[in-house]
Structures are given as C-alpha cells and as structure tokens.
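Number of protein chains: 2
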Amino acid sequence: MARRDASVETIQQEMTAFARRARATAARMHPELSLVSYTLLAHLDDQQGCRATDLAAHYLLDKSTVSRQISALEKLGFVERRVDPDDHRVQVLHPTAKGAQTLANVTASRRQAFHERLADWDEEDLDRFADYLLRYNAAQARHG
Amino acid sequence: MARRDASVETIQQEMTAFARRARATAARMHPELSLVSYTLLAHLDDQQGCRATDLAAHYLLDKSTVSRQISALEKLGFVERRVDPDDHRVQVLHPTAKGAQTLANVTASRRQAFHERLADWDEEDLDRFADYLLRYNAAQARHG
DNA sequence: ATTCCACGTTGTACTATACAACTACTTCAA
DNA sequence: TTGAAGTAGTTGTATAGTACAACGTGGAAT
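Protein chains in written order, with our numbering: chain A, 8 to 151; chain B, 8 to 151.
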C-alpha cells in the first residue's frame, strides 16, 4: 500500500504543478490566442460549428463567460455567427478563414513544442502516457 | 511516425483539458484555499519556511503576485512573517498552527479525491503514470 | 560614502470567471 | 390560440489571479 500511496501522491503533485504553469506557458507561447480561446476555437473547427450553449456545456463554463469569449474572438475576426433559420434564438458559431488559419498556426506550434518536449521518449512510453491521461481525465469527469 | 504523432496529439489535448478544469475543480472542492494558495502554503510547510522571493522563483510568479497572495494568507491567519535578524529586508514566511491544520485538511481531502479517481488502477500503472508525469514536467522545465 | 543591488509593497491594468437580471424567442398545454 | 414555462444569449457587477512599473528601504562593494 505504501508504494501505491507514493504513486498517487506524485501524480497529484505533478498534475497540480502542471496545471499551475499551463496558462502562463500558453500565454507566453501564443499571445494571439489564450488557452481558453484556443480551446473554444478548436472545438468550433472540430465540430464544424456549434452553439455557445454547447461550448458552455462541454467545457463546464458559464454561458456569460462563453458569450464574452466569443465576442472577443469575433472582434478579432476569428469567429462568425450565423443565426439559425429554424430558431432565431440560436447563433451557430463558425471559425472564419482567418480564424481557421490562426488556429492552424497555433496548433502547429503547440504540436511542435510537445514534440520537442517528448522527443526522447520511445513510442511505447508515449502510447502508454496518452492512455493514462485519457483514463485519468475520464475518471475525473465521472468523479468530479 | 503516425502512431507517435497520434500519441503526442492525445497527450497535448488531455493535458490541456486537465489544465482548463483544474482551478475550478480545486475551488469547488476547497473554497477555503485556492489552488495557488494551497501550493504556496504547502511549499512553506515543506521547506520549513522560506522567503517570498524563493516562492516567486520556484513557481515562476511575479514577486507582486506572491506578495499579495501572502498578504491574503496572513489575513486568514494561515501564515506569519518573521523578519530575518541578519537581513532586515527579508521576511521568512512560516505556516501558523492554524495554517498547517487547514493545509493538512485540504491535503487529506485532495489525496482522497485522487485515490478515488485512481481506485481501479493497478499498482504498476500508477507507478508508471507517476514516472511519466515527473519526466514530462522535468522536460517542460527544461524546454520552457 | 556613494553607488548599485536585493527584497518587498503598492498602483494600475487586464483576463478569466461566476452569478443574477434581463431580452428575445420557442414550445406546450389548457 | 394564447399564456406559462422554458431556452439562448447579453449585460451588469464582482472577484481572483496575474503582470509590469515605480517605489522605499536596507545591505554590499568599491
């Protein structure tokens, strides 16, 4: 049991340390797109457009937070709103061409940073690490 | 190379997803001690006291940020300042008895949450996951 | 003794966030 | 078919965390 406790303790400490740094690191690397904006824009790109409400539900954010983030992305010309013809309350959000391009640049640069950090890992370790993270996040989603 | 790319992509996505949620989760679980306060207080406890400058260096925070965080912890009665007799510019920071007690409570509750999330993992996986996180964070510290 | 450096605080500004109150629109049921 | 209830989104307000710049005070070195 002692070994198990030690592993859990390390996992907790390291996940916490990572979380503390993540925002600042992202901001330093990509001043043009904060971690939150990046995530929202990536989701729009991925889903081929969706509603603000969907973003809020998916990322556990208040709808007012999403509303303001989307306004900011719109001011930057990265997102456009298309009113749903079937329901005039709804705005379907899409990345603009410019937004998609910026997203692609940031994604490429993030990807490169991760590749550099993980350059000396062998494939088996990478594969297992990815699985562990998926499993951990899924458990967190279930247990709060 | 495709498998390697896929793993890196997953690691990136999952680390990002985790980072986005961490603060809010911590705030929900422990309203009395934010993630940042918790971390700083834990460091003081761990180090048997240290300077504000040391905290700033260790956590890559501006000294003004640390100053305000420490002020808040002091107002809550969780931290006390002892002026260094050898250098009157320096305040050595220590958790108070109350601060240490609160820290112990939060730590216990965090530990339990992690244990629950990781309950169905076997020991070998936990051990490897802990190693991977250490290795990842060490690499991030080196490569920014 | 003067200049330079280190430690910490305070003023200011910005971002992310939540909650509550509101408007506009849709749906459903009497 | 109309009125009640619910949904989508915005805006007002407040808070936390953060950085940068300017500052005061105290130590160190030439």
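Cβ coordinates follow ideal geometry from the N, Cα and C atoms, glycine included.
Could you say which of the options lies nearest to residue i if we only look at CA atoms?
i, options, result
"T32/B", "R28/A, T17/A, L67/A and T72/A", "L67/A"
"R89/B", "L141/B, G56/B and E16/B", "G56/B"
"A24/B", "D12/A, Q20/A and A49/A", "A49/A"
"D94/A", "S41/A, H101/A, L133/A and R58/A", "R58/A"
"D53/A", "D129/A, L100/A and K70/A", "L100/A"
"A13/B", "R135/A, Y143/A, R142/A and T46/A", "R135/A"
"L141/B", "W128/A, I77/A, V43/A and D61/A", "W128/A"
"Y139/A", "L133/B, N144/B and D61/B", "L133/B"
"D69/B", "R28/A, S44/A, Q20/A and A111/A", "R28/A"
"L110/A", "M22/A, L51/A and E21/A", "L51/A"
"P102/A", "S116/A, S44/A, R124/A and A120/A", "S44/A"
Straight-line CA distance for residue i to residue j?
i, j, result
"V86/B", "A63/B", "16 Å"
"I18/A", "E39/B", "23 Å"
"T114/B", "R149/A", "21 Å"
"Q147/B", "V15/A", "21 Å"
"A9/B", "A104/B", "54 Å"
"S74/A", "D91/B", "50 Å"
"A34/B", "S41/B", "6 Å"
"H122/A", "E130/A", "12 Å"
"V155/A", "M36/A", "Nothing can be reported for residue 155/A, as the shown portion of chain A is limited to 8 through 151."
"I77/A", "H65/A", "15 Å"
"R11/B", "K82/B", "50 Å"
"G84/A", "T46/A", "16 Å"
"R118/B", "M22/A", "12 Å"
"A137/A", "D61/A", "26 Å"
"A107/B", "A126/A", "41 Å"
"N112/A", "S71/B", "33 Å"
"L80/A", "N144/A", "27 Å"
"A26/B", "Q20/A", "13 Å"
"S116/A", "R30/A", "16 Å"
"R124/A", "R124/B", "27 Å"
"A120/B", "A120/A", "31 Å"
When the cut-off is 8 Å and only beta carbons count, does residue i lie next to chain B?
i, result
"A137/A", "yes"
"N112/A", "no"
"R27/A", "yes"
"V73/A", "no"
"Q152/A", "The question about residue 152/A has no answer here: the residues shown for chain A are numbered 8 through 151."
"A63/A", "no"
"Q76/A", "no"
"L141/A", "yes"
"A107/A", "no"
"L125/A", "yes"
"A155/A", "With chain A running from 8 to 151 in the structure shown, residue 155/A is simply not present."
"S14/A", "yes"
"R58/A", "no"
"R118/A", "yes"
"A31/A", "yes"
"R96/A", "no"
Quick one: what does DSSP say residue i is sitting in, helix, strand or coil?
i, result
"Q98/B", "strand"
Using DSSP's beta-bridge definition, name the partner residues of residue i.
i, result
"E87/A", "H101/A"
For residue i, decide whether its Cβ has a neighbour in chain A, counting only Cβ atoms nearer than 8 Å.
i, result
"H122/B", "yes"
"S41/B", "no"
"L67/B", "yes"
"R89/B", "no"
"T23/B", "yes"
"S44/B", "no"
"Q55/B", "no"
"D132/B", "yes"
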